[in-house]
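**Q** Have a look at this one.
Numbering (the working numbering), first residue to last: 479 to 612.
So, in structure tokens, the structure goes:
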């Protein structure tokens, strides 16, 4: 969140921050730069999703998908990149705890981040953690 970002920037870069503005001193002629930051949550239309959830065709398709997955007690759907830099180890740990409680399925549509150095560096750790937990 924005507070963590502000603390990290102050700690790592030694810059000044006030509320939602970072002031970065520039040794060049321009002096200082101000960067505004904040929490900018995205949202969904909850009413539309609730209405879709009541649609008979959607409910039939949901039952069909559950059946194809072996009728799990929980279906966890992560709509994000399988990004090794974004807490995947924590998600795997949480998923492991759900598996211990009962039948669960975790689905994550995937896009590759193989060109991202941080993702490439973290991948072996995550794969090793996955193997050791199975």
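Just so it is clear, CB atoms sit at the ideal spot from N, CA and C, and this is done for glycine as well.
Which of the three DSSP states, helix, strand or coil, is assigned to residue 497?
**A** Taking the chain shown and counting its residues from 1, the one referred to as residue 497 is at position 19. In this structure, residue 497 counts as coil in the three-state DSSP scheme.
**Q** Excluding the 5 residues preceding and the 5 following residue 516 in the sequence, name in chain order all residues of the same chain whose CB lies nearer than 8 Å to its CB.
**A** Counting from one through the chain shown, the residue named residue 516 turns up at place 38. Closer than 8 Å at Cβ, skipping near neighbours: 480, 498.
**Q** Please list the segments of the beta strand (DSSP E) lying wholly inside the region 504 to 549, counting only runs of 3 or more residues, in order along the chain.
**A** With a minimum length of 3 residues, the continuous beta strand (DSSP E) runs that stay inside the region 504 to 549 are 510 to 514.
**Q** Pair every Cβ in the region 519 to 532 with every Cβ in the region 549 to 556, then say whether three or more of these pairs are closer than 8 Å.
**A** As far as the Cβ criterion goes, the region 519 to 532 does not touch the region 549 to 556, which means the pair count is below three.
**Q** Hey, how far is the Cα of residue 548 from the Cα of residue 541?
**A** Along the chain shown, read from residue 1 onward, the residue named residue 548 stands at position 70. Along the chain shown, read from residue 1 onward, the residue named residue 541 stands at position 63. The alpha-carbon atoms of residue 548 and residue 541 are separated by roughly 11 Å.
**Q** In the DSSP assignment, find the unbroken alpha helix (DSSP H) run with residue 551 in it and report its ends.
**A** Locating residue 551 in the chain shown gives position 73, counting from the first residue. Premise fails: residue 551 is in no alpha helix (DSSP H) and is neither H nor E.
**Q** Let me confirm a value: residue 543 is counted as buried when at least 16 other C-beta atoms fall within 10 Å, else exposed. Which label applies?
**A** Locating residue 543 in the chain shown gives position 65, counting from the first residue. Exposed: under 16 other Cβ atoms inside 10 Å.
**Q** Please classify residue 521: is it buried, with 16 or more other beta-carbons within 10 angstroms of its beta-carbon, or exposed?
**A** Position 43 of the chain shown holds residue 521. Exposed, because fewer than 16 other Cβ atoms sit within 10 Å of the Cβ of residue 521.
**Q** Let's test the definition: count the other Cβ atoms within 10 Å of the Cβ of residue 612 and tell me whether it reaches 16, buried, or not, exposed.
**A** By 1-based counting over the chain shown, the position of residue 612 is 134. Per-residue confidence for residue 612 stands at a pLDDT of 46, beneath the threshold of 50, marking its modelled position as unreliable; the derived number appears in the next sentence. Under this definition residue 612 is an exposed residue.
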